[in-house]
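Protein sequence lines correspond, in order, to chains A and B.
Note that numbering that gives the first Met the number 0 gives residue 32 to position 33 of the first sequence, counting from 1, and the numbers run on in steps of one.
Note that numbering that gives the first Met the number 0 gives residue 368 to position 369 of the second sequence, counting from 1, and the numbers run on in steps of one.
Number of protein chains: 2
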Amino acid sequence: MIRKIKVLFVLFSTFIFSQEDQKIIKKIFDTCMNESKSYEMLDYLSNEIGGRLSGSLNADRAVEWGFSELQNLGFDDVWLQDVMVPKWVRGPKEFALIETEPGVTFNVDVCALGGSVATPSVGIKSNVIEVKSFEELKTLGKENIDGKIVFFNRPMQANLISTFQSYGEAVNQRTNGAMEAVKYGAIGVIVRSMNLRLDDFPHTGVMSYGTLLPSKRIPAAAISTNSAEKLSDLLKINPDLKFLLRQQCKQFDDVLSSNVIAEIKGSEYPEEIILVGGHLDSWDIGDGSHDDGAGIVQSMDIINIFRKINYIPKRTIRVVFFMNEENGLRGAKKYYEIAKQKKLKHIFALESDAGGFSPRGFSFTCNDLNFSKIQNWKKFFEPYLIHSFERGGSGADISLLETNENVLAGLRPDSQRYFDYHHAENDKFDAINKRELELGTFAMATLIYLFDKYGLN
Amino acid sequence: MIRKIKVLFVLFSTFIFSQEDQKIIKKIFDTCMNESKSYEMLDYLSNEIGGRLSGSLNADRAVEWGFSELQNLGFDDVWLQDVMVPKWVRGPKEFALIETEPGVTFNVDVCALGGSVATPSVGIKSNVIEVKSFEELKTLGKENIDGKIVFFNRPMQANLISTFQSYGEAVNQRTNGAMEAVKYGAIGVIVRSMNLRLDDFPHTGVMSYGTLLPSKRIPAAAISTNSAEKLSDLLKINPDLKFLLRQQCKQFDDVLSSNVIAEIKGSEYPEEIILVGGHLDSWDIGDGSHDDGAGIVQSMDIINIFRKINYIPKRTIRVVFFMNEENGLRGAKKYYEIAKQKKLKHIFALESDAGGFSPRGFSFTCNDLNFSKIQNWKKFFEPYLIHSFERGGSGADISLLETNENVLAGLRPDSQRYFDYHHAENDKFDAINKRELELGTFAMATLIYLFDKYGLN
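Structure representation (structure tokens):
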């Protein structure tokens, strides 16, 4: 009988807790949709600062802005964490054309890949060999590649529901294309943009030369999907066409930059840190509204929302704007290094770095016990059409923080449009929908609230 | 023992069926994402035909185009179903301004509501009274309203996850505002656009005078949300400001138009009809890409997809392009009337009329037994991030077809951006994302496939 009463009591208190949570989550929702600052803050970051590649003046301005916004939001403490970052500068707009016969040319849309070397100032001009994979390079061998420009033209796969998966399966062309092609004597590489749409925007992004000596490095550029289709078509007609590429990008010495960190001390468990963040740097073309301005403003807006509903966190909430996610991850590494030194205990870390689109769920890195706990929270999200709680991956900036006990998570917005804008000139504020952005803030604030209230198992 | 074997057999065959369904659904997905015609067809309808209000030349062209596209897709039979439709013509672009004092004016963005009468050719100019509801009209009474222009300014509510719900709670201002305001002597109404975003687009849409005599009718216009905010702000400063509205729209006699219908006879149960459709008419501003060009091309593309995967429907699949959903629903009524005369048996009808955005699920009108059957199909959709199977509502064009036995459904895409474009000049092809559109086609084709294969209970 006592056992029965106990069971009933537990069921009843679970019910009461659950009802209270529903109410608070509804408050978070109402506040996000009516009083969020996400959109307004992103307007400033995107339109008044703009693209902010690591080591640039704009990156410095973004650090200053982030610091001052976090101060205005009334955190207990806001500070900068020094970190050395690479500085790569694009230089004047790149130029490329296809010459099908002397005097007959077609301009194409290209941009240098991040980290690439320049061409000679007159450009490189040569024959083109189109390939879909590194295996194909090997099959073709030096005899077919030497002295040519290699054109990597494997499209992102359309028939995958997650465009991030399509990206993952195509992006080695961009990251490793140059160092693979150079083995066979290529003098340059052009890579089909990581974009599922046919349009005129070349998409930049990081590439690597691995251990290749500076003298051996060849220029690498992205070409828009429309231009890639055109080049491929023209190659079918005339395999001997010439391609001219001119770019004047340059790698400088590393420079000093910063992560921006702010925290509110937990009222009950100050030693338990809940981290939420995104990356403050972006590529230099476009203004980085989706990648990752959205994640930055959503992360700090959570504190604005908590204040408005008078929610006092029991655990320490830390907002981190990581520097240099795009081409080095130096901010993330520095943050981890210091956290390890200080033996900080991150019980939960959440990153938003997949665009400011309608949130569909989260993906988690955690143990089974924590995952089953999290799955019990799905019911709080489903009324807001957030259904997808999957395992596997969180975010590049936080992944180093993984332990056997803690939970890492990434916000997973609808991914269908993400690669229309990713690393391209059109990743601009007008590609942001206010409601979608705010719904992301809501999803994140709700998950932070639940972790703050219930902690880990 | 035999019972056990039977149970095992049923479980096993369910498993086998389920695996087969998964495979076919994967094929539908791959085909939709790689070989869909939805985007290309919508490009033509939007960019070569454009806005197609009932009774317009463009609506005739859309009927011709629809007929010929359906023929090209290889249906067994394609025909037109005559229907008389209203013909309302907007005339030259509307004009409105706020005059805060003689000579000090601010232009504002307005458009006539569909069905409205014109103003006199010089316009109407009067004081403005701002209200949020019909109750407020009543409270203010004739003494405060007589001779004035009533400004309905209740915004769509932001803190609802379904923007269609926000729309439902605000739209009576547009549909009934004029007939309510005229009771108190108003000489015109301007209505805040049904738009959750602050921008410069006025959103049209149908309005009604009810039983009001033609001589008593007052002009009704929509005002953009930005202009509504401006007007409201200026009214606070100067309640005596004047508003000038000029519009030259006109209602003509009804004209002949058509529904466009195509079908493939079922190989096993030809008498059981599965209907899929949308509405072919649109408003005259914008090109009706989301409303409802998307639904039109998705509906017919299903047959293209079925052919490509060599799926032979067991039941009769009927594609219907309804005419005049926007301002009369005459096509839907005519279709129902003929279907009733012919005693046609529609076991399932699906409408897509909520935009070409990422599909989130469906809403169903059906009995409990059918709903529990449908819920068993959720597992087929979830791998494609389609999670929401709710009851309540299908689509305006098909709702008359409801019986106690059949199932009606509406595709439910993500609704966050829908009212950014709805009935406005920016509902254009460039607001369509190809993948999102195709995912809608996939969701619809999959549901049609399941109903075709398994029928009703």
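In this text, a Cβ means the ideal position worked out from N, Cα and C, and glycines have one as well.
None of these values were measured; they are calculated from a predicted model.
Residues of its chain near residue i, where Cβ-Cβ distance is below 8 Å and the 5 sequence neighbours each way are ignored
i	result
D42 (chain B)	F428
R390 (chain A)	S362, F363, T364, C365, F370
M155 (chain B)	T162, S165, Y166, E168, A169, M193, N194, L195, F418
K229 (chain B)	I97, F105, V107
Expected contact under 8 Å - CB spacing of residue i and residue j to nearest Å
i	j	result
S115 (chain A)	A220 (chain A)	7 Å
A395 (chain B)	E324 (chain B)	6 Å
N303 (chain A)	K36 (chain A)	5 Å
D75 (chain B)	K264 (chain B)	5 Å
V296 (chain A)	M40 (chain A)	4 Å
F151 (chain A)	G176 (chain A)	5 Å
I316 (chain A)	I447 (chain A)	7 Å
G65 (chain B)	D286 (chain B)	Contact flag wrong, Cβ pair sits at about 15 Å.
G292 (chain B)	L44 (chain B)	5 Å
G184 (chain A)	T118 (chain A)	About 17 Å; that fails the 8 Å criterion.
D290 (chain A)	T440 (chain A)	About 17 Å separates the two Cβ atoms, so there is no contact after all.
C-alpha distance - residue i paired with residue j, whole-angstrom precision
i	j	result
A442 (chain B)	H386 (chain A)	17 Å
F105 (chain B)	A58 (chain B)	36 Å
E149 (chain B)	I308 (chain A)	Before going on, a small fix: residue 149 (chain B) reads as Val here, not Glu. Using only the alpha carbons, I get a separation of about 36 Å.
Y453 (chain B)	F361 (chain B)	18 Å
K141 (chain B)	I97 (chain B)	23 Å
R153 (chain A)	L69 (chain A)	43 Å
N425 (chain A)	N405 (chain B)	47 Å
N143 (chain A)	E135 (chain A)	11 Å
G133 (chain B)	F242 (chain B)	A small correction: the amino acid at residue 133 (chain B) is Phe; Gly does not occupy that position in the sequence shown. If I take the Cα positions, the gap works out to 21 Å.
L233 (chain B)	P85 (chain A)	52 Å
G90 (chain B)	F305 (chain B)	43 Å
V82 (chain A)	A61 (chain A)	15 Å
L400 (chain B)	F14 (chain B)	34 Å
I397 (chain B)	F11 (chain B)	37 Å
W376 (chain A)	E262 (chain A)	25 Å
R191 (chain A)	M322 (chain B)	43 Å
Y38 (chain B)	L455 (chain B)	32 Å
Y383 (chain B)	T30 (chain B)	14 Å
G327 (chain A)	S53 (chain A)	9 Å
L240 (chain A)	L197 (chain B)	51 Å
P312 (chain B)	G102 (chain A)	56 Å
E270 (chain A)	K341 (chain A)	11 Å
I284 (chain B)	P412 (chain A)	31 Å
H345 (chain B)	N33 (chain B)	31 Å
T224 (chain B)	S231 (chain B)	10 Å
D252 (chain A)	V88 (chain A)	11 Å
W282 (chain B)	F16 (chain B)	44 Å
With 16 other Cβ atoms within 10 Å as the buried cut-off, status of residue i
i	result
Q374 (chain B)	exposed
K137 (chain B)	exposed
L438 (chain A)	buried
L279 (chain A)	buried
S67 (chain A)	exposed
F28 (chain A)	buried
S414 (chain B)	buried
Q459 (chain A)	Beyond the ends of chain A as shown, which are 0 and 456, falls residue 459 (chain A); an answer cannot be given.
L72 (chain B)	buried
W78 (chain B)	exposed
L56 (chain A)	exposed
Sequence-distant residues of its chain with Cβ nearer than 7 Å to residue i (five each side left out)
i	result
V319 (chain A)	N258, I260, L274, G276, Y334
E435 (chain A)	G355, F356, S357
I128 (chain A)	L139, N143, I144, K147, V149, F150
Cβ-heavy atom distance, residue i to the ligand NAP, below 6 Å
i	result
D283 (chain A)	The ligand NAP is not part of the structure shown, which contains no ligands of any sort.
Other residues of its chain near residue i: CB distance less than 6 Å, five sequence neighbours each side excluded
i	result
I24 (chain A)	F379, T445
G332 (chain B)	A quick correction: the sequence has Lys, not Gly, at residue 332 (chain B). Answer for K332 (chain B): no residue qualifies.
R216 (chain A)	V116, Y208
A408 (chain A)	L349, F361, F363, S393
K26 (chain A)	I308
V109 (chain B)	E93, A95, P201, A220, I222
G294 (chain B)	G277, S351, D352
Does the stretch 162-180 of chain A touch the stretch 244-252 of chain A, meaning 3 or more C-beta pairs lie closer than 8 Å?
no
Count Cβ pairs between the stretch 413-424 of chain B and the stretch 362-369 of chain B that sit closer than 8 Å; are there 3 or more?
no
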